[in-house]
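Residue numbers (the working numbering), protein chains in the order written: chain A, 12 to 190; chain B, 90 to 390. Glycine is no exception: its CB is placed at the ideal position from the N, C-alpha and C atoms.
What follows is the structure, encoded as structure tokens:
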């Protein structure tokens, strides 16, 4: 209910509502971005861009789910763009030795939280589609059906990605799989 | 050993506190982006309003001011008693004709229930030439050109060009416009002889001594303004030394539905102020030549 009120106020031009949304979701989105990118600097850039774009288009915003899900989806999309851009950059620099599976950039800034650091490393070993599904479902609170719709795949595919991804994460985080 | 549920809970709840620098930069940029988008949105909304306005009859209020230079002079003579020191109609007309040309500023402010409707406020630069006719450039408060209107006596035509709509409209002069546009003193005299004015006395305007006159519910204005108005009060200030207009102010109350659809049917008051007159200025003929871009289309009635 609070989010709906904040969106309503934001559409009326309220900076206070925008600040409240920012304060409310900044840490959550930053952790989501770090878990996908394993790089604090890139994650900060993504969160920055998400909020700026959100502020620019607030008047046209039409939420078909919750605000947290919407913002998380924005983070996932921008993070994906960033990874692809990094891939293209690396391919351009060293075409003879492409490393398609290594999407994450090396960490430029230290992740100060040990648990998040472990999660990010573990997430990095999953296929990106599984990472996205886990982030959207657990952090964006999106249903599998909504994720399937946003990714243009079947709900079974989403469920599989989630299950396989979570199993592997559990193994990695429990130290059952050695990287 | 973490269970699947614990893993889910862990992933769901993890947070990361941004650095103070990142927090401040992102928040500032976000607020700035919001502020800029609001400005753009405001301008776009007002542009849309003006598109609607240009399609309405509100710009036809321009016609009222076009003829004002010539006609207001007429009101003066046929009004109060004329003594030796008073300005007389013939003198004013003669002065205007001798001056040949003028450039002045006109502002229109529209209010409803005492509240100004800022999106309807406009500024115009008006050009008058005895030889070529009249022209007006109207802008809104964001300096967006709203229209350009040409009154061309030789073509017996009024041409309105609306850049916002990429449209134009050619309209044959009405009888009243023709009489004024024909520049015949006799015609103007005939037109204004039934008007009555009252004297307002004298006052100083921009260092010039001016004599004031007031008219109410002018029949000429009713004939010349193609919009129905409930009442009209106009005041004219004539330079005592030169017998040339220095300033005019007009207040029209309008409940014409073409205007009041902006206010939910409530009557509006239109205040028109013409000032900053420059008489006898050199005006190039090009100012009065409508160059309609080829991609503009005729405006529907």
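Residue 359/B: member of the beta strand (DSSP E) spanning 357-368, first to last residue. Inclusion of residue 338/B and residue 304/B in the CB contact set at 8 Å is not warranted, their separation being larger than that value. In terms of beta-carbon proximity, residue 94/B stays away from the interface with chain A, with every pair separated by 8 Å or more. A residue is called buried when at least 16 other Cβ atoms come within 10 angstroms of its Cβ; residue 195/B meets this threshold and is buried. Burial is judged here by how many other beta carbons sit within 10 angstroms of a residue's own beta carbon; residue 95/A has fewer than 16 and is exposed. DSSP places residue 72/A in the coil class of the three-state scheme, outside both helix and strand. A direct Cα-Cα distance of roughly 45 Å separates residue 381/B from residue 62/A. Distance from the Cα of residue 341/B is smallest, within the candidate group 108/B, 263/B, 324/B, 319/B, for 319/B.
Straight-line measurement puts the Cα of residue 79/A at about 17 Å from the Cα of residue 97/B. About 17 Å separates the beta carbon of residue 213/B from that of residue 205/B, a gap too long to meet the 8 Å contact definition.
Rounded to whole angstroms, residue 32/A and residue 167/A show a C-alpha spacing of 33 Å.
A straight-line Cα-Cα distance of about 15 Å links residue 323/B and residue 199/B. Residue 114/B sits in a helix when the DSSP states are folded into three classes. When DSSP states are grouped into helix, strand and coil, residue 199/B belongs to the strand group. Taking the Cα positions, residue 51/A is about 33 Å away from residue 23/A.
Listed in chain order, the positions of the segment 54-72 of chain A with a beta carbon within less than 7 Å of a beta carbon of chain B are 55, 58, 59, 62, 63, 66, 67, 69, 70. Between residue 165/A and residue 158/A, the alpha-carbon positions lie close to 9 Å from each other. Per the Cβ contact rule, the segment 169-189 of chain A is not in contact with the segment 106-123 of chain B (fewer than 3 Cβ pairs under 8 Å). Residue burial is scored here from C-beta neighbours: residue 144/A has at least 16 other C-beta atoms within 10 angstroms and is therefore classed as buried.
Residue 92/B and residue 122/B have their C-alpha atoms some 43 Å from each other. With respect to residue 326/B, residue 299/B sits close: the two C-beta atoms are nearer than 8 Å. Close to chain B, meaning a Cβ-Cβ distance shorter than 7 Å, are the following residues of the segment 34-51 of chain A: 37, 38, 39, 41, 42, 45. Going by C-alpha positions, residue 292/B is about 8 Å away from residue 301/B.
In the structure shown, the three-state DSSP call for residue 95/B is helix. At a Cβ-Cβ threshold of 8 Å, residue 239/B and residue 372/B do not count as neighbours.
Around the Cβ of residue 179/A, a 10 Å sphere holds 16 or more other Cβ atoms; the residue is buried. Among the CB atoms of chain A, one or more fall inside 8 Å of the CB of residue 120/B. Contact annotation: residue 385/B and residue 257/B have beta-carbon atoms nearer than 8 Å.
The C-alpha of residue 69/A lies about 30 Å from the C-alpha of residue 127/A.
Secondary structure note for residue 339/B: its beta strand (DSSP E) is the uninterrupted segment 334-343. Residues of the segment 141-174 of chain A with a Cβ closer than 7 Å to any Cβ of chain B, in chain order: 145, 149, 150. Residue contact with chain A for residue 104/B: present (Cβ-Cβ distance below 8 Å to some residue of chain A). For residue 236/B, the uninterrupted beta strand (DSSP E) run begins and ends at 234-241, by DSSP.
Linking residue 330/B to residue 296/B through their CA atoms gives a straight-line distance of about 12 Å.
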